[in-house]
Amino acid sequence: MSTPLLTVDDLHIALAGDKTTYGAVEKVSFEIGRGEAFGLVGESGCGKSITALAIMGLLRRPLSLSGGRIVLDGEEIQDASAAEMRRLRGKRIAMIFQEPMTALNPLSPVGRQIAEMFVLHQGASWNEAMDRAEDALRQVRVPSPERRIRDYPHQLSGGMRQRVMIAIALACGPELLIADEPTTALDVTVQAEIIDLMAELCAAKGTAILMISHDLGLVANMCRRVAVMYAGRIVESQVAGAIFATPRHPYTQGLVDSLPRLGERSRRGQQRLREISGVVPSIAAYPGGCRFNPRCPAVTDICRSTAPDITPLPADGLVRCHHHG
Amino acid sequence: MAEPLLKLDDLAVHFTVGGALRGGTKILKAVDGVSLDVKPGECLGLVGESGCGKSTLALAIMGLIPPTHGGIALNGQAISGRDRMATARTVQMVFQDPYASLNPRQTVRRTLADPLRLHGVTNRSEVDQRVADMMAKVGLRPDHADRYPHEFSGGQRQRIGIARALILRPKLVICDEPVSALDVSIRAQIINLLDLKEEMGLSYIMISHDLGVVEHVSDRVAVMYLGRIVEQGGWQEIFEDPRHPYTRALIAAIPDPFHLVAASATAKARGEIASALNPPPGCHFNPRCPMKADRCVSEVPTLEAVAAGHRAACHFRDRVG
């Protein structure tokens, strides 16, 4: 196999508290191949978004990288200087955020915000860049781009703003697009359109996607492989189909079972949903051993004392559980 | 047939927006001619995207927004003529955001006891007993009654919100997106709490954009688009034989992790929901509809029966499907 586009190896991110330092992300490793769509799933606070920020070189106090390597196309970037990262961001790695209103500059017309990419990264003149920005808007299917180019973000709907974000992110043809909950703020029918658009444009340009979401269904539909995070660690990683058909970690099994599935009621009648008991632990009170142990139906003594190691699964999968089924 | 618990008759809620300085006033028709009923013991799912008017409809039923015209009747009695307190004893609401909907300066006990006192339960030990019973019922520890909302997790706070809605033993509970602000691993716990329906003889209106949840809990489903009901029927008819293209688009938009195939492109809607200030003429859905014809622009489709108890507002309701 050729070298992967992105390798994240044993990533640790520290969160500095008043007195102590917490491990917000620990031992996170994954690889994304060229043009591959990879999904990172987890609940709020599990560390998925700060993993993305670490890849972008955007961690700021109180968060800091405390170990591990981030390798982009054979080149280690975890210690790159701010200037080097600025050249990388937008050009080779781009990111789309959850809330397009706060990610766009409210005081600048959207065309200018797209054109800026061509000026900064490719040395284009502003005139040329504005023409290319119009093309970019057309590609993300914004109607009448020649007029929209002069609009400010507040004049656009949520879905249109997210299209502008995609146009900015893909302007310089990056090798990797990181999408952090790109459709969570949007309506369901608009979400479907945006996801289709992202997948289509990335496939056409050979851009790899790191898709971050709390929505297992969305990620599994879009991505080839999916990793599930819980309390700062990856607990399971499998190809998308397998993670639903044969989830191996009790947390993943719990998530899959607790989703009310469309069509389930007519097949099996109205049944009580399977619950995952308890609550997500806060970072200051992560339990010892396996972090899922207080909520796990299969917990034994070893789960409380020892953090489980990785067990490899077929097709580059892994599970981190003492009793993986 | 049993008398409906709630009956909405051509209900409309219009807002006036803008002013002389902003280029004249406009009428925003948030709810535009909705007729619905909820029978005792029934759960009605109300589906639609943001801005379609579903929350305004809920507030109107609660008596918190006066309707522009049309009627709301509880147990056959118009709420405009009813005592506000009597309405509160019949209808209660669970809100979306368990962080914003609880008073941070009130303990759980006070949050649950105040409605009881207001409604005439003044005996101290009876109040305490009913508070403790209700907390146990929704899965909270009664000895946590003197804690404040910030001491609870999101899921527990939503349990407090549910307890507050149920403490007066209402007949109808309106749940407005009760799980969408919660962590995914917590949602099933809260949805399962709705089982209290049988025990307490409740009816629900379940407002949600999550079709998986709606299918799971509803007996009947109404789909709303820009202030109007576009389709309503039994849950099975809505999910297995949807007749309005918007209902089909909503169903097609749900990523189904168990069948990793793309939904048929023809079912998906194009574009975005129009502004309620300036809705498209004719059928409001026509600019996004894959089946649009001239008639859809010129003529407003009315809700017509497709089968017993199943109605759709589409000129081509017999062709869809």
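Going line by line, the protein sequences match chains E and P.
Under this note's numbering, the first residue of the first sequence is numbered 1, with each subsequent residue one higher.
Under this note's numbering, the first residue of the second sequence is numbered 1001, with each subsequent residue one higher.
We put the CB at the ideal spot given by N, CA and C, even for glycine.
Remember, it's a predicted structure, so these values are computed and weren't measured experimentally.
Proximity below 8 Å, CB of residue i to CB of residue j
i	j	result
Asp-1037(P)	Leu-1008(P)	yes
Ala-1276(P)	Leu-1226(P)	yes
Lys-205(E)	Leu-262(E)	no
Met-1191(P)	Gln-1158(P)	Checking the displayed sequence, the identity of residue 1191(P) turns out to be Ile instead of Met. No, the pair does not count as a contact, with Cβ atoms beyond the cut-off.
Leu-186(E)	Ile-209(E)	no
Ser-1180(P)	Gly-1045(P)	no
Gly-1155(P)	Ile-1186(P)	yes
His-1315(P)	Pro-1301(P)	yes
Glu-1049(P)	Val-188(E)	yes
Ala-245(E)	Val-226(E)	no
Leu-1116(P)	Ile-1072(P)	no
Ile-276(E)	Gly-254(E)	yes
Leu-5(E)	Ile-32(E)	yes
Val-319(E)	Thr-306(E)	no
Leu-1329(P)	Leu-1074(P)	Residue 1329(P) lies beyond the residue range present for chain P, which begins at 1001 and ends at 1321; the question has no answer from this structure.
Ala-1293(P)	His-1284(P)	no
Met-222(E)	Ile-168(E)	no
Pro-1287(P)	Pro-1280(P)	yes
6 Å CB neighbourhood of residue i in its chain, flanking five on each side removed
i	result
Pro-250(E)	Cys-296 and Ala-298
Asp-1010(P)	Gly-1033, Ser-1035 and Gly-1070
Val-1322(P)	What is shown of chain P runs 1001 to 1321, which leaves residue 1322(P) out entirely.
Arg-977(P)	Outside the displayed span of chain P (1001 to 1321) sits residue 977(P), for which this structure offers no information.
Arg-304(E)	Gly-289 and Asn-293
Ala-124(E)	Phe-118
Cut-off 8 Å between Cβ atoms - residues of its own chain near residue i, not counting five sequence neighbours on either side
i	result
Asn-105(E)	Gln-113 and Pro-153
Gly-1139(P)	Arg-1159, Gln-1189 and Leu-1193
Cys-46(E)	Met-229, Tyr-230, Ala-231, Gly-232 and Val-280
Thr-1122(P)	none
Arg-148(E)	Val-110, Gly-111, Leu-137, Val-142, Leu-156 and Met-160
Gln-98(E)	Asp-180, Glu-181, Pro-182, Thr-184 and Ala-185
Cys-202(E)	Gly-35, Ala-37, Leu-170, Leu-177, Ala-208 and Ile-209
Gly-17(E)	Pro-62 and Ala-284
Arg-274(E)	Gly-254, Asp-257 and Ser-258
Leu-59(E)	Ile-13, Ile-50, Leu-53 and Leu-65
Ile-341(E)	Summary: the structure shown does not reach residue 341(E), with chain E confined to residues 1 through 325, and so no result is reported for it.
Gln-191(E)	Thr-183 and Leu-218
Rounded distance between the beta-carbons of residue j and residue i, thought under 8 Å
i	j	result
Arg-1089(P)	Pro-1170(P)	6 Å
Arg-268(E)	His-1216(P)	Contact doesn't hold; Cβ gap of about 11 Å is too wide.
Ser-1055(P)	Ile-1251(P)	Between Ile-1251(P) and Ser-1055(P) the Cβ distance is about 22 Å, and since that is not below 8 Å, they are no contact.
Ile-166(E)	Met-198(E)	6 Å
Lys-1026(P)	His-1014(P)	Wrong, their Cβ atoms sit about 10 Å apart, outside the cutoff.
Ser-44(E)	Asp-1183(P)	6 Å
Pro-1077(P)	Val-1173(P)	Checking the sequence shown, residue 1077(P) turns out to be Gln, not Pro. Rounded, the Cβ-Cβ distance is 19 Å, inconsistent with contact.
Gly-39(E)	Ala-220(E)	7 Å
Ala-1012(P)	Thr-1087(P)	19 Å between Cβ atoms; not a contact.
Thr-1111(P)	Leu-1118(P)	12 Å between Cβ atoms; not a contact.
Gly-1063(P)	Arg-1084(P)	6 Å
Beta-carbon contacts of residue i that lie in its chain and below 7 Å, excluding the five residues immediately before and after
i	result
Arg-1109(P)	Val-1131, Ala-1145 and Asp-1146
Glu-1042(P)	Ser-1203, Asp-1219 and Arg-1220
Lys-91(E)	His-121, Cys-172 and Pro-174
Val-1214(P)	Gly-1045, Val-1047, Met-1206, Ser-1208 and Val-1221
Gly-150(E)	The identity of residue 150(E) in the sequence shown is Arg, whereas the question assumes Gly. Around Arg-150(E): Pro-109 and Gly-111.
Lys-1268(P)	Ala-1249, Ala-1252 and Ala-1253
Thr-3(E)	Gly-74
Pro-1245(P)	Phe-1285, Cys-1289, Pro-1290, Met-1291, Cys-1314 and Val-1320
Restricting to runs no shorter than 3 residues, where is the beta strand (DSSP E) found entirely within the stretch 252-314 of chain E? Listed in chain order, the complete beta strand (DSSP E) runs (minimum 3 residues) inside the stretch 252-314 of chain E are 311-313.
Cβ contact check for the stretch 14-29 of chain E and the stretch 208-222 of chain E: 3 or more pairs under 8 Å: Short answer: they don't touch.
Which parts of the stretch 57-139 of chain E are runs of the alpha helix (DSSP H), unbroken and 4 residues or longer, counting only runs that do not cross its ends? For the stretch 57-139 of chain E, whole alpha helix (DSSP H) runs of length 4 or above, ordered along the chain, are 82-88, 100-103, 110-122 and 126-139.
Would you call the stretch 226-242 of chain E and the stretch 277-297 of chain E in contact, with 3 or more CB pairs under 8 Å? Of all C-beta pairs linking the stretch 226-242 of chain E to the stretch 277-297 of chain E, three or more are shorter than 8 Å, placing the two stretches in contact.
Please give the ranges of any beta strand (DSSP E) in the stretch 130-197 of chain E, keeping only runs that are unbroken, at least 3 residues long and fully inside the region. Note on the stretch 130-197 of chain E: whole beta strand (DSSP E) runs with a minimum of 3 residues are 176-180, in chain order.
At 4 residues or longer, what runs of the alpha helix (DSSP H) sit wholly inside the stretch 1089-1142 of chain P? Assignment of alpha helix (DSSP H) within the stretch 1089-1142 of chain P, counting only whole runs of 4 or more residues, yields 1108-1118 and 1124-1137 in chain order.
Segment contact, 8 Å Cβ cut-off, at least three pairs: the stretch 10-21 of chain E with the stretch 44-54 of chain E: Yes, the stretch 10-21 of chain E touches the stretch 44-54 of chain E.
Sequence ranges, beta strand (DSSP E) only - wholly within the stretch 1173-1240 of chain P, length at least 3: Secondary structure remark: continuous beta strand (DSSP E) runs of at least 3 residues inside the stretch 1173-1240 of chain P, in chain order: 1203-1208, 1220-1225 and 1228-1234.
Hey, is the stretch 121-135 of chain E in contact with the stretch 71-84 of chain E, meaning 3+ C-beta pairs nearer than 8 Å? Segments in contact, no.
3 or more residues per run - each beta strand (DSSP E) lying fully within the stretch 1041-1096 of chain P: The beta strand (DSSP E) runs lying completely inside the stretch 1041-1096 of chain P and spanning 3 residues or more are 1043-1047, 1069-1074 and 1091-1094, given in chain order.
Tell me the start and end of each unbroken alpha helix (DSSP H) in the stretch 203-247 of chain E that is at least 4 residues and wholly inside, in chain order. Segments of the alpha helix (DSSP H) lying fully in the stretch 203-247 of chain E: 216-222 and 240-245.
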